[in-house]
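Those sequence lines, one after another, are chains A and B.
Each residue of the first sequence is one higher than the one before, counting from 0 in numbering that gives the first Met the number 0.
Each residue of the second sequence is one higher than the one before, counting from 0 in numbering that gives the first Met the number 0.
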Amino acid sequence: MLGQPALLISDYLIWSICLIGGISLAIGLRNPLQRQRWRMILSTPSAMASAIILLTYLAIALLDSVHFRPLLPQDEATTNGSIEANSEQPNSTVTYAASEISLLDLLLSNIRKAEERSYSAPLAIYAFSKESLVTAAGTTRAYPRLLYGGADLENPALHRSDIVNRTLTGLGLSLILVIPIFLLFRRRSRRSPTLSAGNQTPAWRTAFMTIAGLLIIGSVATQLADHYHLLGTEKVGQDVLYLGLKSIRTGVLIGALTLLIMLPLALVLGTAAGYFGGWIDDAVQYLYTTLSSIPGVLLIAAAVLSVNLYLDQNLSEVTSLHQRADLRLLLLTGILGLTGWIGLCRLLRAESLKLRELDYVTAARAFGVVDARILIRHLLPNLGHIVLITIVIDFSGLVLAEAVLSYVGVGVDPSMISWGNMINSARLELAREPLVWWSLATAFIFMFTLVLCANLFADAVRDAFDPRLRGKQ
Amino acid sequence: MTRYLLRRLLYAIPILLGVNLITFSLFFVVNTPDDMAYKHLGDKRVTVEMVDKWKKDHGYDRPLIYAADRGGFARFSDTLFAQHSLKLFLLDFGRADDGRSIGTDIRQRMGPSLAIAIPNLLVGLLVYITVSLTLTFFRGTYIDFNGVLIAVAMMSISAMFYIIAGQFLLGKLLHLAPISGYQHGIAGFRFLITPVLVGLIAGLGGSVRWYRTLFLEEIEKDYIRSARARGLGEAAVLWRHLLRNALIPILTGVVVVIPTLFMGSLITESFFSIPGLGSYTIDAIRAQDFAIVRAMVFLGSLLYIAGLMLTDLSYVMVDPRVRLE
């Protein structure tokens with residue numbers, strides 16, 4: 000037992016979203032037509048690579064979504080502020096830390112705990128700025144050695160060769176995994192018939208190369224991060240790689256939770272407006288015209304401001320910093336969802352308007368099937384592709400929106416690690432002399448990879464599921 | 000057509016009323032004026048008298064929507080809703096928390112916002128159309144394929160990175176333009192270079208990809224084939240025949256945003272410290288000045304609705320098949 004489980008609300012939500020997504024995918028795949036479409040998506044090399052990278056991001060986010068309070072060693076427990084939990088055996092009290100950490104934190108505890116005093120460059124062993132050092136000869140101004148970065152390297156002259164050694168070790172270790180996977184993929188691609196289904200074979204080559212690339216990067220990074228700050232440290236000395244990895248959860252969560260909230264709204268209102276028409280249609284149209292006439296950022300800002308003020312006044316007793324940040328994140332996604340359903344609702348309304356005139360709906364009505372059943376059995380399955388396409392397209396926009404909203408000051412909690420907050424605190428660093436570029440570069444790479452993969456995957460999904468565009472390219 | 004426009008104008012009223020109700024409930028019902036007073040006066044050692052005085056100074060010492068102690072029409076007019084929300088319809092924006100008139104501020108700050116937004120729109124339109132027509136010309140080749148890939152990659156970069164990179168490259172490394180700032184008049188031209196250029200590049204990916212699909216939709220139509228059959232060169236086909244037809248969706252997309260140009264861009268103006276309406280809004284959000292945020296929300300919706308009506312008009316002008324009834 001590592002500690003006492005302390006899952007946040009958003010943890011439950013992100014796991015249940017994965018569950019819902021997995022189940023609906025499994026149901027969808029029972030349909031041969033859908034199976035063929037997914038096969039088509041995976042036969043596009045860019046979509047295959049994106050899917051693998053997206054799954055990696057998701058895995059990291061999920062690892063980061065299992066929070067618990069770690070067990071404290073007996074001697075530490077008395078000094079730290081801690082919660083007494085077990086009162087059954089008074090002799091051996093078990094104590095847990097007051098703040099919760101996640102499984103990812105546990106995996107990264109090396110670089111999580113390795114804090115420097117301030118900036119340090121990637122892979123450096125000396126700090127970024129000079130300090131007064133007291134030596135036997137007196138006080139000198141010099142660059143001090145880092146507390147963590149290359150701390151066990153006794154001879155600084157060996158710095159370069161040490162890095163090379165570790166990189167090579169990482170490469171070598173990764174080969175242990177890459178070679179079996181390569182053999183597996185080669186058998187796989189040989190077995191699958193290449194000619195019978197045209198270009199419908201999944202892009203195994205790309206899949207292998209992506210997985211191999213990720214494994215190599217991961218292995219080298221682990222080797223280096225074990226002794227150095229691979230991507231440097233930021234202003235208060237935190238490891239930038241750690242911050243980048245932790246931000247993944249925030250980004251994925253904002254995208255996924257917002258979609259979870261806007262989906263039912265858009266589905267219910269859109270299909271109802273399109274299918275029933277009449278005053279329901281008028282009301283829904285009025286609602287979304289009004290909401291969409293307010294500029295997006297302003298509406299979000301207004302809502303976040305007023306909800307935050309309300310929270311400050313009424314919920315000051317929320318226990319931990321984590322939970323408070325979590326609550327703000329949930330509220331933000333709620334507001335993003337309430338403002339973001341309009342586009343999907345419009346599409347669904349237009350499509351159900353079209354569908355309700357079709358013969359099979361008329362036939363169902365003539366047989367006396369009730370409206371609710373027609374909606375669920377006959378309309379909903381034919382709207383699935385619109386929902387899917389919109390979800391994958393909107394996801395990347397939401398990840399980008401987080402950064403802008405955090406800059407404006409209505410994004411996630413300032414204490415929460417996110418790309419927006421990273422950019423926000425690092426954006427003035429380019430004006431420094433010498434340049435501090437690594438925080439921005441890290442946020443850029445992590446964010447760009449996620450958004451680019453989401454965009455590429457969305458393109459493939461749209462090509463496969465939108466009959467209008469199929470066959471054009 | 001006049002009747003159509005009149006009907007649209009009338010239809011705008013319930014929408015604006017709805018916008019008003021939303022902002023009203025966000026700023027007065029979810030948060031009472033008492034909350035706002037405490038927020039601005041600080042939480043510690045605030046007496047009830049101080050709160051009342053703050054509310055009186057800012058005109059928040061009224062009932063929400065119905066004043067029972069007043070007689071006649073004042074029962075409805077002397078309320079928060081009438082004084083703070085309905086007055087927006089008369090473009091009376093009231094005063095900010097620091098006592099400045101919001102209306103005057105808005106008029107002063109419109110100029111700088113437009114100085115960025117208009118060149119951005121015009122140069123952008125020209126560049127995006129040229130690039131996407133070039134891609135259409137090379138459709139099906141590697142140039143087109145890689146062009147789309149680059150466009151998707153450019154779409155995937157946050158606008159903030161473009162701004163930071165633009166400031167760093169043009170301002171700090173090459174010293175071509177000042178990093179940020181603004182100056183009125185012709186002499187201020189150099190301050191506009193970086194924001195406009197950055198805005199142009201930031202929008203390139205998304206626009207080019209969209210315009211390209213519009214062009215590709217048109218290129219398979221019969222009139223293109225007959226133009227080619229008449230012996231026209233590919234350049235003439237693209238620029239004269241294809242563009243004019245594909246311009247309809249592009250133009251209408253542009254016309255919608257013309258009125259909202261006044262609002263400026265939040266992050267561009269804030270990063271380049273341009274004294275426009277975008278930075279005005281962002282400052283208000285950060286200072287939690289609800290009066291300004293409310294005014295900007297209303298103004299934004301008003302301009303957006305105006306944009307929609309302009310779009311309808313522009314449809315009639317560019318496409319003779321469309322008639323407004």
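Idealized CB from N, CA, C, for every residue including glycine.
**Request:** Using a Cβ-Cβ cut-off of 7 Å, state whether Ser264/B counts as contacting chain A.
**Result:** As a working note, residue 264/B is residue 265 in the second sequence. Judged by the 7 Å Cβ criterion, Ser264/B is not in contact with chain A.
**Asked** How big is the Cα-Cα spacing for Gly169/A and Ala5/A?
**Response** Translated into positions along the first sequence, residue 169/A becomes position 170. Translated into positions along the first sequence, residue 5/A becomes position 6. Roughly 35 Å between the two C-alpha positions.
**Item:** Selection of the stretch 430-448 of chain A by Cβ proximity to chain B, strictly under 8 Å
**Value:** Ala430, Leu439, Phe443, Met446, Phe447
**Message:** Is there a C-beta anywhere in chain A that falls below 7 Å from the one on Val18/B?
**Reply:** As a first step, residue 18/B must be located in the second sequence, where it is residue number 19. Closer than 7 Å: yes.
**Prompt:** To which residues of the same chain is Val255/B closer than 7 Å at the C-beta, ignoring the five residues directly before and after it?
**Reply:** Position 256 of the second sequence, counted from the start, is the residue given in the question as residue 255/B. Taken in chain order, the residues that qualify are Gly306, Leu307, Thr310.
**Item:** the stretch 283-300 of chain B: positions lying closer than 8 Å to chain A by Cβ
**Value:** Ile284, Arg285, Gln287, Phe289, Val292, Arg293, Met295, Val296, Gly299, Ser300
**Among Arg144/A, Pro155/A, Gly273/A, Asp325/A, the one whose alpha carbon lies nearest that of Ile13/A** = Residue numbering aside, residue 13/A sits at position 14 when the first sequence is read from its first letter. Measuring from the Cα of Ile13/A, the nearest candidate turns out to be Asp325/A.
**Message:** Looking at the secondary structure, which residues open and close the beta strand (DSSP E) in which Pro4/A lies?
**Reply:** Residue 4/A sits at position 5 when you count from the first residue of the first sequence. Pro4/A -> beta strand (DSSP E) spans 2-4.
**Asked** Taking the beta strand (DSSP E) that Phe67/A falls in, what are its first and last residues?
**Response** As a working mapping, residue 67/A is identified with position 68 in the first sequence. Per DSSP, Phe67/A belongs to the beta strand (DSSP E) from 66-69.
**Nonlocal neighbours in the same chain, by C-beta distance under 6 Å from Tyr279/B, ignoring five residues either side** = As a working mapping, residue 279/B is identified with position 280 in the second sequence. Excluding sequence neighbours, Tyr279/B sits near Arg108.
**Message:** Does Ser491/A pass the burial test, meaning 16 or more other C-beta atoms within 10 Å, or should it be called exposed?
**Reply:** Summary: the structure shown does not reach residue 491/A, with chain A confined to residues 0 through 472, and so no result is reported for it.
**Asked** Shortest alpha-carbon distance to Tyr406/A belongs to which of Thr389/A, Arg426/A, Ala463/A?
**Response** Indexing the first sequence from 1 puts residue 406/A at position 407. Closest option to Tyr406/A, Cα to Cα, is Arg426/A.
**Message:** If I measure Cβ to Cβ from Ile334/A and keep anything under 8 Å in the same chain, skipping five residues before and after, which residues do I get?
**Reply:** The residue given as residue 334/A occupies position 335 in the first sequence. Excluding residues within five positions, the ones whose Cβ falls inside 8 Å are Ile299, Ala302, Val303, Val306.
**Message:** Taking a contact to mean a Cβ-Cβ separation below 7 Å, would you say Phe456/A touches Ala60/A in this structure?
**Reply:** Taking the first sequence and counting its residues from 1, one reaches residue 456/A at position 457. Taking the first sequence and counting its residues from 1, one reaches residue 60/A at position 61. In this structure, Ala60/A does not lie closer than 7 Å to Phe456/A by Cβ.
**Prompt:** Among all the DSSP beta bridges, which residues are the ones paired with Ser119/A?
**Reply:** To locate residue 119/A, count along the first sequence from 1; it is residue 120. According to DSSP, Ser119/A bridges with Thr232/A.
**Identity of the residues DSSP links to Ser173/A by a beta bridge** = To locate residue 173/A, count along the first sequence from 1; it is residue 174. DSSP, once it has assigned bridges, lists no residue as partnering Ser173/A.
**Message:** Suppose you measure from the CA of Trp340/A to the CA of Leu252/A; what does that come to, to the nearest Å?
**Reply:** Along the first sequence, one-based indexing puts residue 340/A at 341. Along the first sequence, one-based indexing puts residue 252/A at 253. Rounded to the nearest angstrom, the two C-alpha atoms are 17 Å apart.
**Prompt:** Taking any Cβ of chain A, which residues in the stretch 81-113 of chain B have a Cβ under 7 Å from it, in chain order?
**Reply:** none
**Prompt:** Should Gln182/B be labelled buried (16 or more other beta-carbon atoms within 10 Å of its own) or exposed?
**Reply:** Residue 182/B sits at position 183 when you count from the first residue of the second sequence. Gln182/B comes out exposed.
**Asked** Within the 7 Å Cβ cut-off, does Ile253/A reach chain B?
**Response** Taking the first residue of the first sequence as position 1, residue 253/A is located at position 254. Not one chain B Cβ lies under 7 Å of Ile253/A.
**Assigned exposure category for Gln166/B - 16 Cβ within 10 Å defines buried** = The residue you call residue 166/B lines up with position 167 of the second sequence. Classification of Gln166/B: buried, given that the 10 Å Cβ count is 16 or more.
**Request:** May I ask which residues mark the beginning and end of the alpha helix (DSSP H) holding Ala305/B?
**Result:** For the purposes of this step, residue 305/B is identified with residue 306 of the second sequence, where counting begins at 1. Here the alpha helix (DSSP H) through Ala305/B covers 289-317.
**Asked** Count the other CB atoms within 10 Å of the CB of Glu217/B; is the residue buried (16 or more) or exposed (fewer)?
**Response** Here residue 217/B refers to the residue found at position 218 of the second sequence. Glu217/B comes out buried.
**Message:** With a threshold of 7 Å between beta carbons, is Phe464/A in contact with chain B?
**Reply:** Translated into the one-based positions of the first sequence, residue 464/A becomes position 465. Judged by the 7 Å Cβ criterion, Phe464/A is not in contact with chain B.
**Message:** Is it buried or exposed, Ile284/B, if we count other Cβ atoms within 10 angstroms and call 16 or more buried?
**Reply:** Position 285 of the second sequence holds residue 284/B. By the neighbour-count rule (16 or more Cβ atoms within 10 Å), Ile284/B is buried.
**Item:** Range of the contiguous beta strand (DSSP E) that encloses Val18/B
**Value:** Taking the second sequence and counting its residues from 1, the one referred to as residue 18/B is at position 19. Unbroken run through Val18/B is the alpha helix (DSSP H), 1-23; no beta strand (DSSP E).
**Request:** Enumerate in chain order the residues of its own chain whose CB-to-CB distance from Ile52/A is below 6 Å, with the five nearest sequence positions on each side excluded.
**Result:** Taking the first residue of the first sequence as 1, we reach residue 52/A at position 53. These residues qualify, in order along the chain: Cys452.
**Message:** Any beta carbon of chain D sitting closer than 7 Å to that of Tyr309/A?
**Reply:** The structure shown contains no chain D; its protein chains are A and B.
**Prompt:** With C-beta atoms as the reference, is Thr200/A less than 7 Å away from Pro44/A?
**Reply:** Taking the first sequence and counting its residues from 1, one reaches residue 200/A at position 201. Taking the first sequence and counting its residues from 1, one reaches residue 44/A at position 45. Contact: no.
**Item:** Rounded straight-line distance, which links the Cα of Leu28/A to that of Met153/B
**Value:** As a first step, residue 153/B must be located in the second sequence, where it is residue number 154. As a first step, residue 28/A must be located in the first sequence, where it is residue number 29. Answer to the nearest angstrom: the Cα atoms are 33 Å apart.
**Request:** Spell out the partners DSSP gives Val133/A in its beta bridges.
**Result:** Here residue 133/A refers to the residue found at position 134 of the first sequence. In DSSP, Val133/A forms a bridge with Thr138/A.
**Request:** May I ask you to check if the CB of Val126/B is nearer than 6 Å to at least one heavy atom of the ligand GDP?
**Result:** No copy of the ligand GDP appears in this structure; indeed no ligand is present at all.
**Item:** Distance, Tyr118/A Cα to His226/A Cα
**Value:** Along the first sequence, one-based indexing puts residue 226/A at 227. Along the first sequence, one-based indexing puts residue 118/A at 119. If you take the alpha carbons of His226/A and Tyr118/A, they lie about 17 Å apart.
**Request:** Could you name the residues that DSSP lists as bridge partners for Arg144/A?
**Result:** To locate residue 144/A, count along the first sequence from 1; it is residue 145. Bridge partners of Arg144/A: Tyr125/A.
**Item:** Sheet register partners of Ser100/B (DSSP bridge)
**Value:** Residue numbering aside, residue 100/B sits at position 101 when the second sequence is read from its first letter. Ser100/B is bridged to Arg94/B.
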